[in-house]
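Worksheet for the structure shown next.
There are 2 protein chains.
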Amino acid sequence: MPTADLRLEYSGALDSAVGATHGMSTAEIDAEAGRVRNVVAEIEAERANGQHRYRELPKDSRMVALVRAAVRRFRPGAENLVVLGIGGSALGNTALQTALNPWTHNLLPTATRRGPRLFVLDNVDPTQIGAMLDYLSPALKKTVFNVISKSGETAETAAQFLIIRDLLARRLGKAGLAKRLIVTTDPAGGILRDIVTREKYANLPVPDGVGGRFSVLSAVGLFSAAMCGINVTRLLAGAAAMSRRAAQPDPRKNPAAMLALLLVGFYARGKRLHVMMPYSQQLRDLADWYRQLWAESLGKRDDLSGRTVMTGPTPIRALGATDQHSQVQLYRDGPNDKVFIFLEVERFARDVKIPRAAGTPAELAYLQGGTLGKLLNAEKRATEYALTANERPCLTIRFPRVDEHTVGQFLMLWEAATTIAGRLLNVNPYDQPAVQLGKDMTYALLGRRGFEAQARELQAALKQRGRHEV
Amino acid sequence: MPTADLRLEYSGALDSAVGATHGMSTAEIDAEAGRVRNVVAEIEAERANGQHRYRELPKDSRMVALVRAAVRRFRPGAENLVVLGIGGSALGNTALQTALNPWTHNLLPTATRRGPRLFVLDNVDPTQIGAMLDYLSPALKKTVFNVISKSGETAETAAQFLIIRDLLARRLGKAGLAKRLIVTTDPAGGILRDIVTREKYANLPVPDGVGGRFSVLSAVGLFSAAMCGINVTRLLAGAAAMSRRAAQPDPRKNPAAMLALLLVGFYARGKRLHVMMPYSQQLRDLADWYRQLWAESLGKRDDLSGRTVMTGPTPIRALGATDQHSQVQLYRDGPNDKVFIFLEVERFARDVKIPRAAGTPAELAYLQGGTLGKLLNAEKRATEYALTANERPCLTIRFPRVDEHTVGQFLMLWEAATTIAGRLLNVNPYDQPAVQLGKDMTYALLGRRGFEAQARELQAALKQRGRHEV
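So the sequences go chain by chain: A and B.
Start counting the first sequence at 1; every next residue gets the next number (my numbering).
Start counting the second sequence at 1001; every next residue gets the next number (my numbering).
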């Protein structure tokens, strides 16, 4: 299949579309382009020194070989694949699956599916996990569990792992357990690596120097994708193609740089809510993946010079046409504090015709003989127009079609844009210092040794604020 | 089962928790309480004059009888139920199902499910609908379709209806079609009512004077719920109980009034992002339902005196513990522009034990012997503490358990709070004037007669702004 490039259109974000108060002019974009050129050149130079390692994942043929070998081992007879992971160890897996396999995948009979049913358990809700265990219980011998955690210390994944390990060992014995479990973790150390080594579980590496939210194109995301029939070679080829475009200094040739330039520019103008609105059910969970990448990378208290800035856009996932009936009233008429990023599909993998039939009322005649794809894309264009008519800036990322190559491009587009945006906002896009306190307080509440002081701190705070309720 | 009341805790939103800059004091709440008392009294007086009709739905025994009769007719032999609806004709249906039936419902064998598989098709994505049609095609005789649209003119639902009607008529004949279709629409008029009358389809009424986003407790939401085994009597009893609490003038006895007071108060202080974060997979889609209710009701350009205000909080759906690994970095360290509304479950319908096992590393000892429910709730409390430590205000809505009664309370809580908040913001919570332009432009793009001028307007605008892309 010929490749086709994703395109970023920003006509709807310019002053010619939304006015000078809320739009950017091409002159402003040109003025920023110089700074962006320097940033891109810096990043490319740093890559040569081993930084921004996620950019090199598309060329990691050793990793792909490991994934393929694992798939050859675990695929035969697998009816269910359960991913135990959370955050960066779950969002990419889900997004690849829903983008590239049918909506009904898990309901299809074995012969029709391209691989096992996929369940990504990214929470520790006991009713959900309980229902899942009931469902899987008669089929454990046909189920593969992929535990994904770099350190092994993530509380949610560790709890799930302890439950599944115990269940499999009790039901299938130690040998049966080893046949059904594959662990994706740090290749060098950490408690999960220690367990893998001691108990001889099949395993895959979480690559060094790649943070969780940039790891979808590593074994973290690729194993479940390949198990479910997704062509990971083409996915990586798409990512590699975008990585090449993202190395161009000129933002007029580099969609990642232009995206960062525009979104940081709009953030500076008070458009702090960055709404991604795919007009495609398949692309919906890619917006959820983006939501982590953009929030966790750019939401920072301190900038790189140590100043307190409390910065960061709030990413929002919406869905077209569905959210026209939920959010568009607010989006058009509420505060002008948002920029919209539409995802549009030019050619759907299939289309559904809207039939002509006798007795259809005249009010619906306009639908007849058309297709759902045509309707959906008309709604996208109409909604964008309605937003720009109210001076709300809009971007569109256009997928010529949805396939492994374009999805790979999309993932790399946003990862590269995130690095550039971090540089433009002068923050570190690769850390997440604010999540530690919640982890520590969870330990404190569960009585983990060494967290007694935190437990006292928390109790004192709760006592001081009292209890106010209705 | 004894009933148990939802509770709204706001200790984490007070100055004693988050400081005077970002928290409210009890004195400020008391000062607002007088105004809120008047608003509640006004609303209650208006109810006596036939306004705010959604409040009377829990007592509509005629409607419940109609729903039950329809279920008796359509339930036997039904393996699949497909709801064709969008916005207020879909979000409540989905939320009831995922809150009150197991996560695995659609995967379970017939004997284990409490009713048919449920598919709520709230979009017109051709790949999704195409996959759905492939799946249902061999089982049309065991499938019930519930088309929901008050007017019948909603483009998405109308297109779906035309497709399904044609398919059923071709495959099962006109008599077979009538056996498999039930239409929920305006009882008095509209194009869908005309079709129902002419073609003699089974039907249920969309109640008069109740807008789509307030309609979940009518036949709109109740038919699919009752089909799937949900106890709608208890659901309505919960809603009725909350309606009584919402009639109390004193916000210290009225959780809907207190919620409106607090959230409008925080909006006025610049906390314009209202993040609902259930720590429960079951309650996740209730947050999506809330998202429509809050956005479409309060997001308004003009206030009731005709002034341009462009007001309205932006509701955001998050999920605990999952989004701790995606959004909490931003929530704690980014701009302090959010208020958090946690949903907490005190007693989960089931819990899953985390087993003790030899060879578990010391770092995970704190998990062993506990349960997932205990872990999840510890994470909620820890995350709330971490947010308040950074001066981010937090509310908690506490579910003693998740069942029909508490879910009914929750729905009515937010509907009543929306009416009160609309009054406090001086906007009309029941209209959505901004959605019309997008509809008109969709018609224009699809060549609907009468929209030629709009088509020219759109083409001219697009031509003027040109095409800028990378």
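Note that CB positions come from ideal geometry on N, CA and C, so glycine has one too.
None of the values given here were measured: they were computed from a predicted structure.
In the displayed model, Asn203/A falls within a strand according to three-state DSSP. For Pro1278/B, the enclosing beta strand (DSSP E) begins and ends at 1273 to 1278. Remark: C-beta atoms of Arg165/A and Glu404/A do not approach each other more closely than 9 Å. In this chain, the beta strand (DSSP E) harbouring Lys1300/B covers 1300 to 1302. Counted as a single uninterrupted DSSP element, the beta strand (DSSP E) harbouring Arg317/A occupies residues 314 to 317. Taken in chain order, the unbroken stretches of alpha helix (DSSP H) that lie wholly in the segment 94 to 140 of chain A and span 4 residues or more are 126 to 136. For Arg1055/B, DSSP assigns no beta-bridge partner whatsoever.
The alpha-carbon separation between Ser1297/B and Lys1059/B amounts to approximately 24 Å.
For Lys1380/B, the enclosing alpha helix (DSSP H) begins and ends at 1372 to 1389. DSSP places Lys1338/B inside the beta strand (DSSP E), whose first and last residues are 1338 to 1345.
Shown here for Gly1190/B: same chain residues with a beta carbon closer than 6 Å to its own, the five before and five after excluded, namely Ser1151, Gly1152 in chain order.
Against chain B, a Cβ distance below 8 Å from Gln51/A picks out nothing, because the smallest value is about 21 Å. For Phe145/A, no chain B residue has a C-beta closer than 9 Å to its own C-beta; the minimum C-beta separation is roughly 15 Å. A straight line joining the alpha-carbon of Leu1425/B with that of Leu6/A spans about 43 Å.
Going by C-alpha positions, Lys1141/B is about 39 Å away from Trp1414/B. Across the set Arg456/A, Ala219/A, Asp323/A, the C-alpha of Arg456/A shows the shortest separation from the C-alpha of Ala1382/B. Following the DSSP letters along the chain, one finds Asn428/A in no beta strand (DSSP E), marked with neither H nor E. Taking the Cα positions, Thr1322/B is about 19 Å away from Arg1392/B. Between Trp103/A and chain B, the shortest Cβ-Cβ separation is below 9 Å.
Less than 9 Å divides the Cβ of Glu346/A from the Cβ of Arg398/A. Annotation for Leu1462/B: the continuous alpha helix (DSSP H) segment containing it runs 1452 to 1465. Relative to the Cα of Val339/A, the nearest Cα in the group Pro313/A, Asn49/A, Thr26/A, Val147/A belongs to Pro313/A. The continuous stretches of alpha helix (DSSP H) do not include Glu1469/B, and DSSP gives it neither H nor E. Taking the Cβ atoms as the reference, Leu217/A lies roughly 20 Å from Thr157/A, outside the contact range of under 8 Å. When the Cα atoms are used, Leu121/A and Leu100/A turn out to be separated by approximately 19 Å. No Cβ of chain A is located within less than 9 Å of the beta carbon of His1274/B.
Ranked by how close their Cα comes to the Cα of Phe1410/B, the residues Asn1336/B, Phe1214/B, Glu1032/B, Cys1394/B have Phe1214/B in first place.
Shown here for Thr94/A: same chain residues with a beta carbon closer than 6 Å to its own, the five before and five after excluded, namely Val120, Asp285 in chain order. Excluding residues up to 5 positions away in sequence, Ala239, Met242, Ser243 lie with their Cβ nearer than 6 Å to the Cβ of Met412/A in the same chain. With its beta carbon less than 9 Å from one in chain A, Gly1130/B belongs to the interface. At a C-beta separation below 8 Å, Gly466/A has these neighbours in chain B: Ser1011, Ser1016. In the DSSP assignment, Arg1007/B falls outside any alpha helix (DSSP H) and within the unbroken beta strand (DSSP E) covering 1007 to 1009. The C-alpha of Leu1107/B is placed about 37 Å away from the C-alpha of Thr1442/B. Using a Cβ distance threshold of 9 Å, Met258/A and Leu8/A count as a contacting pair. Using a CB distance cut-off of 9 Å, Phe266/A does not count as an interface residue toward chain B. Chain-order list of chain A residues neighbouring Asp1194/B: Pro361, by C-beta distance under 9 Å.
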